[in-house]
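**Q** Take a look at the following structure, please.
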């Protein structure tokens, strides 16, 4: 049964936070520039005035391309206050990617970091877009900062906006094909913020170090942080050494990290030289983390890890696993994504949408006020993904008797080899238990004899380890069926724009050779 706690509209929450903490420093930029609540309100109000003067109306789409800088926050909040739709462009994308989004989303305005204006100019030309372009920096008539300085507004007055109106369009990471655009409503975003405030384990004194992209995952931590009178410390990008130094320098108490960041921090050669004792909570999510890496992190930093699980179709907070629920003695618990929050009703179903019992794998489906409103311009995909009023996540999960969910894998990543079903994530976890393995990505490729075979790409810490060593290690833990037929030791595993291992890119790289040869029968 879904509980709807009727959380505050995100625009009202923002205004209340800024005015309640008007004299407090709420944001610290990487160069040391500070912003109080009062200063932020003035800046957001003036950014909104600029966009309003350029004709932005409720429902208009504003795309943004920028690294982590304060203007990203101004634009995000100003667009929401005007009832517009924020469309983030990922900083790691290409002009062709941006052109697709500008065209698909029918963007009316684009805001871009001045250093990347050439990419947006190219994207606009490719898309044949008539969007108005504002740059951040560089001076001139199209510089957002210059235009804001000419405005006189001092009070942020959001336009009335219906909770069901769309406020954000989020393009997926695209690990299984062409990215889809999830349409997220004010209701969904307000629910997400409310869950973060009600259910996340925040430190008593919040000094939040932001290293994830502000335009994406990092930005959703801004409002919950300042609503509690906390301070957000913004780094321009993630660097493990700079992260450790900033934690020590600012006595950081919390941060949001993805698993690849956690691994980089654990592997940093100067980790032991930094005082990280101030850290009280590390929020982590966005992609699976191997149980062994999570154990390593808890052993180094203590029981401070808080997991969140969600996706673009159900933002950020479908499930959470609290700090004290991380049981390092239990393999199943360390592989869990936690239990559903009150606003997310969850069930696991088979291929016929029949609910499966505890202990059996099934597709994780969600319903409740957190859900997207549908995919942009894709009515058939929307009908399929949201059939019966449930969002079908594409994640295969198992539920234990205590209600904890464990994501087994993506449904589309299932490999059927020799008639046996193999979920690659369990093989990845086994490989990453080997002390010489830094990271592993496992996937299937076509094979004339087996139908599909398992292939693994592995990053190693010890160059002396052999493929035979790794195969023997997996075979001892998972058996012969789940042992990859082929293991390639690689310098690095490619990542998607949102930091997930890019199996699509790996599969493309391996597919020609895999199709040109066969394994030659059983081995």
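Residue numbers (the working numbering): 1366 to 1888.
Each residue gets a CB set at the ideal place from its N, CA and C atoms; glycine is no exception.
Owing to the predicted nature of the structure, the values given are computational and were not obtained by experimental measurement.
1) Terminal residues of the continuous beta strand (DSSP E) containing residue 1812?
2) Considering only residues of the same chain and omitting the five flanking positions on each side of residue 1423, which have a CB-CB separation below 6 Å?
3) Specify the secondary structure class of residue 1467 as computed by DSSP and reduced to three states.
4) Could you name each continuous alpha helix (DSSP H) segment of 4 residues or more that falls completely within the stretch 1751-1803, going from the start of the chain to the end?
5) Going by C-alpha to C-alpha distance, which of 1489, 1766, 1452 sits closest to residue 1531?
6) Pick out whichever of 1576, 1681, 1677, 1644 has its Cα sitting closest to the Cα of residue 1668.
7) Count the other C-beta atoms from every protein chain shown that fall within 10 angstroms of the C-beta of residue 1847, then say buried if there are 16 or more, exposed otherwise.
8) Please confirm whether residue 1582 and residue 1678 have their CB atoms less than 8 Å apart.
9) Taking its Cβ as the centre, do 16 or more other Cβ atoms sit within 10 Å of residue 1673, making it buried, or is it exposed?
10) How many whole angstroms separate the CB atoms of residue 1375 and residue 1555, which I take to be in contact at a CB cut-off of 8 Å?
11) How would you write the range of the alpha helix (DSSP H) that residue 1559 sits in, first residue to last?
12) One question on the structure: do residue 1792 and residue 1849 come within less than 8 Å of each other, judged by their Cβ atoms?
13) Which of helix, strand or coil does DSSP assign to residue 1737?
14) Less than 8 Å between the CB atoms is what I'm expecting for residue 1597 and residue 1608, so what's the real figure, rounded?
15) Check each candidate in 1652, 1724, 1685, 1439 and name the one with the smallest Cα separation from residue 1427.
16) Which residues in the same chain as residue 1577 place their Cβ atom closer than 6 Å to its Cβ, once the five residues preceding and following it in sequence are excluded?
17) Just the Cα atoms here: how many angstroms apart are residue 1706 and residue 1503?
18) Relative to the C-alpha of residue 1662, which candidate in 1876, 1627, 1476, 1638 has its C-alpha closest?
19) Please tell me whether, using a cut-off of 7 Å, the distance from the CB of residue 1424 to the nearest non-hydrogen atom of the ligand SAM is below it.
20) So what does DSSP say about residue 1749, is it helix, strand or coil?
21) Pull up the distance between the alpha-carbon of residue 1780 and that of residue 1558, whole angstroms please.
22) Report the three-state DSSP secondary structure of residue 1474 (helix, strand or coil).
23) Which residues does DSSP list as the beta-bridge partners of residue 1546?
24) Just grab the DSSP bridge partners of residue 1620 for me.
25) How about the stretch 1516-1528 and the stretch 1404-1411: do they share at least three Cβ pairs that are nearer than 8 Å?
26) Can you give, in chain order, each stretch of the beta strand (DSSP E) that sits fully within the stretch 1651-1677 and has at least 3 residues?
27) Tell me, to the nearest whole angstrom, how far the beta carbon of residue 1819 is from that of residue 1773; I am working on the premise that it is less than 8 Å.
28) Can you round the beta-carbon distance between residue 1442 and residue 1473 to whole angstroms, since I take them to be within the 8 Å contact cut?
29) For residue 1454, count the other beta carbons within 10 Å of its own beta carbon; 16 or more makes it buried, fewer makes it exposed. Which is it?
30) Taking 8 Å as the cut-off, does the stretch 1797-1812 touch the stretch 1757-1774 (at least 3 CB pairs, one atom from each stretch)?
31) Would DSSP call residue 1503 helix, strand or coil?
32) Looking only at C-alpha atoms, which of 1536, 1414, 1384, 1394 sits nearest to residue 1429?
33) Have a look at 1381, 1684, 1550 and flag the residue whose alpha-carbon is nearest the alpha-carbon of residue 1561.
34) Evaluate the contact criterion for the stretch 1715-1723 versus the stretch 1732-1747: three or more CB pairs, one atom per stretch, below 8 Å.
**A** Taking the structure as given:
1) Here residue 1812 corresponds to residue number 447 of the chain shown, with the count starting at 1. Here the beta strand (DSSP E) through residue 1812 covers 1802-1812.
2) Reading the chain shown from its first residue, position 58 is the one you call residue 1423. Taken in chain order, the residues that qualify are 1448.
3) The sequence position of residue 1467 within the chain shown is 102, counting from 1. If DSSP states are grouped into helix, strand and coil, residue 1467 belongs with the helices.
4) 1789-1797
5) For the purposes of this step, residue 1531 is identified with residue 166 of the chain shown, where counting begins at 1. Per the Cα distances, 1452.
6) Within the chain shown, the letter at position 303 stands for residue 1668. Ranking 1576, 1681, 1677, 1644 by Cα distance to residue 1668 puts 1644 first.
7) Taking the chain shown and counting its residues from 1, the one referred to as residue 1847 is at position 482. Buried, by the Cβ-count rule.
8) The sequence position of residue 1582 within the chain shown is 217, counting from 1. The sequence position of residue 1678 within the chain shown is 313, counting from 1. Not closer than 8 Å, so no.
9) Mapped onto the chain shown, residue 1673 falls at position 308. So residue 1673 ends up on the buried side.
10) Indexing the chain shown from 1 puts residue 1375 at position 10. Indexing the chain shown from 1 puts residue 1555 at position 190. At roughly 5 Å, the Cβ-Cβ gap stays under 8 Å, so residue 1375 and residue 1555 are in contact.
11) As a working note, residue 1559 is residue 194 in the chain shown. Start and end: 1551-1564.
12) Taking the chain shown and counting its residues from 1, the one referred to as residue 1792 is at position 427. Taking the chain shown and counting its residues from 1, the one referred to as residue 1849 is at position 484. Contact flag set, yes.
13) Within the chain shown, residue 1737 is the residue found at index 372, counting from 1. Coil.
14) Here the question's residue 1597 lines up with position 232 in the chain shown. Here the question's residue 1608 lines up with position 243 in the chain shown. About 15 Å separates the two Cβ atoms, so there is no contact after all.
15) Numbered from 1 along the chain shown, position 62 holds the residue referred to as residue 1427. Cα-wise, what sits closest to residue 1427 is 1439.
16) Indexing the chain shown from 1 puts residue 1577 at position 212. Around residue 1577: 1583, 1621.
17) Stepping through the chain shown from its first residue, residue 1706 is reached at position 341. Stepping through the chain shown from its first residue, residue 1503 is reached at position 138. Looking at the two C-alpha atoms, the distance is approximately 45 Å.
18) On the chain shown, residue 1662 is found 297 positions in, with the first residue counted as 1. Of the listed residues, the one whose Cα sits closest to residue 1662 is 1627.
19) Looking at this structure, you won't find the ligand SAM or any other ligand, since it has none at all.
20) Looking up residue 1749 in the chain shown gives position 384. In the structure shown, residue 1749 sits in a helix (DSSP, three-state: H, G or I).
21) Working through the chain shown from its first residue, we reach residue 1780 at position 415. Working through the chain shown from its first residue, we reach residue 1558 at position 193. Residue 1780 and residue 1558: Cα-Cα distance of roughly 37 Å.
22) If you number the chain shown from 1, residue 1474 lands on position 109. DSSP places residue 1474 in strand when its eight states are reduced to three.
23) Locating residue 1546 in the chain shown gives position 181, where the first residue counts as 1. Paired residues: 1536.
24) Here residue 1620 is taken as the residue at index 255 of the chain shown, counted from 1. Residue 1620 pairs with 1574, 1647.
25) yes
26) 1670-1676
27) Taking the first residue of the chain shown as 1, we reach residue 1819 at position 454. Taking the first residue of the chain shown as 1, we reach residue 1773 at position 408. Contact flag wrong, Cβ pair sits at about 15 Å.
28) On the chain shown, residue 1442 is found 77 positions in, with the first residue counted as 1. On the chain shown, residue 1473 is found 108 positions in, with the first residue counted as 1. Not really, about 18 Å apart at Cβ, beyond 8 Å.
29) Here residue 1454 corresponds to residue number 89 of the chain shown, with the count starting at 1. With 16 or more other Cβ atoms within 10 Å, it is buried.
30) no
31) Taking the first residue of the chain shown as position 1, residue 1503 is located at position 138. Residue state, collapsed to three classes: coil.
32) Within the chain shown, residue 1429 is the residue found at index 64, counting from 1. Per the Cα distances, 1536.
33) Taking the chain shown and counting its residues from 1, one reaches residue 1561 at position 196. Of 1381, 1684, 1550, the residue nearest in Cα terms is 1684.
34) no
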